[in-house]
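Residue numbers (the working numbering), protein chains in the order written: chain A, 966 to 1080; chain B, 7 to 120. All residues carry an ideal CB built from backbone N, CA and C; glycine is no exception. The model shown is predicted, which means the values in this text are computed figures rather than measured ones. The structure under discussion appears below in the form of structure tokens.
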Amino acid sequence: DQQVKQNSPSLSVQEGRISILNCDYTNSMFDYFLWYKKYPAEGPTFLISISSIKDKNEDGRFTVFLNKSAKHLSLHIVPSQPGDSAVYFCAASASIHNQGGKLIFGQGTELSVKP
Amino acid sequence: DTGVSQDPRHKITKRGQNVTFRCDPISEHNRLYWYRQTLGQGPEFLTYFQNEAQLEKSRLLSDRFSAERPKGSFSTLEIQRTEQGDSAMYLCASSLQQGATEAFFGQGTRLTVV
């Protein structure tokens, strides 16, 4: 039962353009969503998060959008840079339901930004 | 404090042997999590501690797996009688207890069972 899904295993964009990474979830108890970035042989690095009471959160070049009715979130990176090339994981938790903050991850999307 | 630290970074072991991994969380974080990641998949939750109490274990955590956090600081994950299917990256993360906060991950321990 894959509660968090990233349907695109890979994405390639040109430097300077926008990267849009998508994520869908099925569990309506999820109330906190996060994006992590992972380089090979390293642990995931926290990027940006959003609470279910919001529909947008922005941090520099990174913006996360949440559409609760569609159970969909997306990460926008503008402008994309070659150093953004990594695997991006979407994750969700049901914190207010006393789930202890454990994260349920998607399968990841490998982003490649071409110079 | 430089973040979550895991030791060793790599471990190669023969099938049937026992292995133990260590995780040192960020010092002020009282929640500690263990995840496992295999190739092409996202991290999968194994277990978590709040201080020294182990509050949840995944069905993925068979009887051969045991985790401890004896003094509410560092944690160990032991795998007994390793199998080839145990080969994976084992990730530790820590977070603050209150509210919805992000978890910070260590660099992981890559286990290879031969």
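Strictly below 8 Å CB to CB, what residues from chain A border residue i?
i               : result
S93 of chain B  : Per Cβ cutoff of 8 Å: no residues; S93 of chain B is ~15 Å from chain A at best.
L67 of chain B  : Going along chain A, no residue has its Cβ under 8 Å from L67 of chain B, so there is no contact; the nearest lies around 12 Å.
E108 of chain B : L999, F1011 and S1014
L117 of chain B : Per Cβ cutoff of 8 Å: no residues; L117 of chain B is ~13 Å from chain A at best.
Determine which residues share a DSSP beta bridge with residue i and list them.
i                : result
T1074 of chain A : A:Y1053
K970 of chain A  : A:D989
N1022 of chain A : A:V1029
I1069 of chain A : A:A1057
A59 of chain B   : B:Q56
S33 of chain B   : Paired residue(s): none; S33 of chain B is not in a bridge.
V119 of chain B  : B:T19
M994 of chain A  : Its beta-bridge partners do not exist; DSSP assigns none.
D13 of chain B   : B:R28
Would you mind telling me which residues of chain B sit closer than 9 Å to residue i, beta carbon to beta carbon, in chain order?
i                : result
Q968 of chain A  : None at all; the shortest Cβ gap to chain B is about 11 Å.
L1031 of chain A : None at all; the shortest Cβ gap to chain B is about 13 Å.
So, are the CB atoms of residue i and residue j less than 8 Å apart?
i                : j                : result
Y54 of chain B   : C98 of chain B   : no
G9 of chain B    : F80 of chain B   : no
F1054 of chain A : G1073 of chain A : yes
N987 of chain A  : H1041 of chain A : no
G1071 of chain A : G48 of chain B   : yes
D92 of chain B   : L117 of chain B  : yes
Q90 of chain B   : R42 of chain B   : no
S1058 of chain A : K1067 of chain A : yes
G1008 of chain A : G46 of chain B   : no
N36 of chain B   : I85 of chain B   : no
A1056 of chain A : I1069 of chain A : yes
E1075 of chain A : P974 of chain A  : yes
S1060 of chain A : D996 of chain A  : yes
S100 of chain B  : P14 of chain B   : no
T19 of chain B   : T82 of chain B   : no
Strictly below 8 Å CB to CB, what residues from chain B border residue i?
i                : result
Q1072 of chain A : G46, Q47 and G48
Using a cut-off of 9 Å between C-beta atoms, extract the partners of residue i located in chain A.
i               : result
S101 of chain B : G1066
For the ligand SAH, I want to know if residue i counts as a neighbour, meaning its beta carbon is within less than 7 Å of at least one of the ligand's heavy atoms.
i              : result
T19 of chain B : Of ligands this structure carries none, so the ligand SAH is not represented either.
Check the Cβ of residue i against every Cβ in chain A and list those closer than 7 Å, keeping chain order.
i               : result
Q113 of chain B : E1007 and G1008
*Check distances from the C-beta atoms of the stretch 1036-1054 of chain A to those of chain B and list, in chain order, the residues that come in under 8 Å.*
Answer in chain order: F1054.
_Chain-ordered residues of the stretch 998-1016 of chain A with a beta carbon less than 8 Å from chain B_ = If the cut-off is 8 Å between Cβ atoms, the stretch 998-1016 of chain A has L999, Y1001, A1006, E1007, G1008, P1009, T1010, F1011, S1014 and S1016 near chain B.
*Using Cβ-Cβ distances below 8 Å, what residues of the stretch 46-62 of chain B are close to chain A?*
Of all residues in the stretch 46-62 of chain B, those with a C-beta nearer than 8 Å to a C-beta of chain A are G46, Q47, G48, P49, E50, F51, Y54, Q56, L61 and E62, reading in chain order.
*Using a Cβ cut-off of 7 Å, which residues of the stretch 69-82 of chain B contact any Cβ in chain A, in chain order?*
Residues of the stretch 69-82 of chain B with a C-beta less than 7 Å from any C-beta of chain A: none at all.
_For the stretch 23-48 of chain B, list every residue whose C-beta sits within 9 Å of some C-beta in chain A, in sequence order._
Per Cβ criterion, the list reads R37, Y39, Y41, Q43, G46, Q47 and G48.
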